Amino acid sequence: MIRRFWIPLLIGLLAQSILAMPNDTLSVQTILMDGIEAGRKKDFNTAKQKFEQALNYWQTSASAHLYLQILKDASEKKFKNKYATEIFKALNEQNLARHKKALKRISKVIKKNKEYFPAYIVQGGIYTSQENYAKAEEAYTQAINLAPNSVLPWLFRGKYYGKTEQFKKAVDDYTQALQLATWPIEFFERGFVYCLLKEYDEAITDFEKAFLKYPQWQNSTVVYEAYHNRGVQRLNGNAYHGAVSDFSHAIQINPDYLSSYLNRGIAFKHLKKYQKAIKDFNFCLARKPDFREAYYNRGLTYFEQRAYSKAADDFRKALEYAPDDVSVQFKLAECYYNSRKYKRAVVHFNRVLKLNPSYFWAYYWKGYALEGLKRRQQAISAFQKFISLAPKQYYKQIAHAKVEIRKLGGSVR
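According to my numbering, the sequence shown is numbered sequentially starting from 425.
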């Protein structure tokens with residue numbers, strides 16, 4: 425039995441973890457930018473309120489932690505207010521894509537405050553925006569050297585490594601940060617990187633720890649993709665109950681995610697829960713009438729129930745969207761054969777062989793169909809062709825073909 429899985433790409437965006445954002449992304453970013461604007465204007469109370477609000481969103485949580493640290497240092501006289509204002513001015517320039525001006529401002533701050541690690545983190549972000557990755561890594565590493573026992577340098581260098589696709593290094597930095605303090609954003613960011621490494625068990629474990637503080641984060645695209653893709657892994661590993669659980673979790677987060685319905689239907693089919701499988705395929709087709717994979721897999725489900733007429737209808741529909749799909753042509757031919765419509769079966773086995781002359785199973789079943797039509801010599805030829813093409817591992821079917829050839833009066837070569 426040929427299995428088809430619909431596997432979407434796992435989030436193709438690798439930019440400072442602002443990936444797969446929800447519909448209110450602009451408003452989330454606006455909160456952070458409003459805080460920067462307030463800081464630039466020396467309105468630190470408003471800035472603090474905005475950054476505390478931004479902590480609630482995974483897209484802005486890390487930056488909010490950093491900016492609140494700057495405000496805290498200024499309020500405790502560890503860092504002069506004027507330099508805090510300069511940092512927020514540099515961040516504003518960065519947001520406006522005026523990277524040279526941003527770099528000039530932050531460099532002046534660092535010149536006067538060479539031991540102040542948050543300034544190096546900001547500098548690293550500006551260099552990253554310029555795609556000057558060597559300088560960015562140098563800045564983040566300097567922040568770590570200055571404050572090895574602070575979460576922030578490790579967190580932001582981890583984000584940098586994630587952006588530059590150095591995923592193992594990113595995981596190491598997030599893990600180091602978590603040894604210092606367990607902020608939800610650290611778990612979430614590391615979980616995201618685990619997704620990119622396709623280590624979904626670890627990713628989901630981290631996400632679930634982040635949800636203890638911020639349950640709303642579980643509605644993020646990256647989270648339901650993690651459940652979906654672990655479901656696909658389990659499906660490929662024949663762990664069908666686990667796959668159903670993961671696809672159901674993905675659907676709970678995003679009820680419109682058709683790929684999870686499709687793959688859950690496939691898992692249900694393997695568990696022989698046919699009505700549940702058909703229900704999922706029907707859901708897909710009601711919302712996407714040209715969903716070829718849903719027709720194909722619903723057809724397979726009907727086929728397993730020996731509802732060959734319904735299966736044939738679905739396979740024909742799938743062929744409307746992909747007429748050269750060998751697997752679908754073959755299953756349609758099998759439907760006709762099992763329905764004793766041997767002429768139609770032969771037609772479709774021939775179509776399979778036109779598309780793929782090496783498809784030995786088509787010769788095998790074509791031989792039986794021709795035998796049913798009393799076309800003895802053609803049946804012998806089909807069985808002989810099967811024997812010549814089939815790998816030795818199919819010795820049982822090869823033996824059956826030889827029996828049929830002899831029964832039809834032919835000779836085995």
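By construction, the Cβ of each residue, glycine as well, lies at the ideal position given by its N, Cα and C atoms.
Predicted model, so just to flag it, every value in this text is computed and none were measured.
If I measure Cβ to Cβ from residue i and keep anything under 7 Å in the same chain, skipping five residues before and after, which residues do I get?
i: F635; result: W641 and Q642
i: F727; result: A735, K755 and C759
i: A563; result: Y544, Q547, G548 and Y551
i: I426; result: Any reading at I426 is ruled out, since the residue's pLDDT is 37, under 50, leaving its predicted position unreliable.
i: H772; result: Q753, L756, A757 and Y760
i: Y540; result: F503
Helix, strand or coil: how does DSSP classify residue i here?
i: S835; result: coil
i: L520; result: coil
i: P577; result: helix
i: S553; result: helix
i: K741; result: helix
i: G661; result: coil
i: A731; result: coil
i: S805; result: helix
i: D497; result: helix
i: K703; result: helix
i: F631; result: helix
i: A558; result: helix
i: K765; result: coil
i: Y783; result: coil
i: A508; result: helix
i: S644; result: coil
i: L813; result: helix
i: Q839; result: A question about residue 839 goes unanswered here, because the residues of the chain that appear run from 425 up to 837.
i: W607; result: coil
i: L794; result: helix
i: K637; result: coil
i: R529; result: helix
Spatial neighbours of residue i within its chain, please: C-beta separation below 6 Å, excluding the five flanking residues on both sides.
i: I675; result: S684
i: A478; result: I455, L456, T484 and A488
i: K513; result: R464 and R529
i: Y787; result: A806, K809 and F810
i: A601; result: V575, W578, L579 and E610
i: R768; result: Y760
Would you call residue i buried or exposed, if buried means 16 or more other Cβ atoms sit within 10 Å of its Cβ?
i: V546; result: buried
i: V617; result: buried
i: Q801; result: exposed
i: E589; result: exposed
i: G689; result: buried
i: H665; result: exposed
i: T509; result: buried
i: K831; result: exposed
i: G655; result: buried
i: P577; result: buried
i: G833; result: exposed
i: Q603; result: exposed
i: E632; result: exposed
i: L520; result: exposed
At the level of alpha carbons, what is the spacing between residue i and residue j?
i: F784; j: F671; result: 35 Å
i: E828; j: L777; result: 21 Å
i: Y507; j: K712; result: 56 Å
i: K559; j: K587; result: 15 Å
i: T470; j: E476; result: 10 Å
i: Y818; j: I811; result: 9 Å
i: Y648; j: R614; result: 16 Å
i: G459; j: S531; result: 22 Å
i: P781; j: I822; result: 18 Å
i: Y584; j: L621; result: 16 Å
i: E500; j: S669; result: 50 Å
i: S835; j: A803; result: 12 Å
i: E610; j: Y481; result: 13 Å
i: Y698; j: N721; result: 11 Å
i: Q493; j: Q473; result: 13 Å
i: D497; j: F503; result: 5 Å
i: G582; j: K535; result: 25 Å
For residue i, would you say it is in contact with chain B, using Cβ-to-Cβ distances shorter than 7 Å as the test?
i: G459; result: Protein chain content of the structure displayed is limited to a single chain, and chain B is not contained in it.
Can you list, in chain order, the residues of its chain with a C-beta nearer than 8 Å to that of residue i? Leave out the 5 residues immediately preceding and following it.
i: F715; result: L682, L686, C708 and L709
i: S763; result: Y732, S733 and A736
i: H523; result: E517, I550, S553 and Q554
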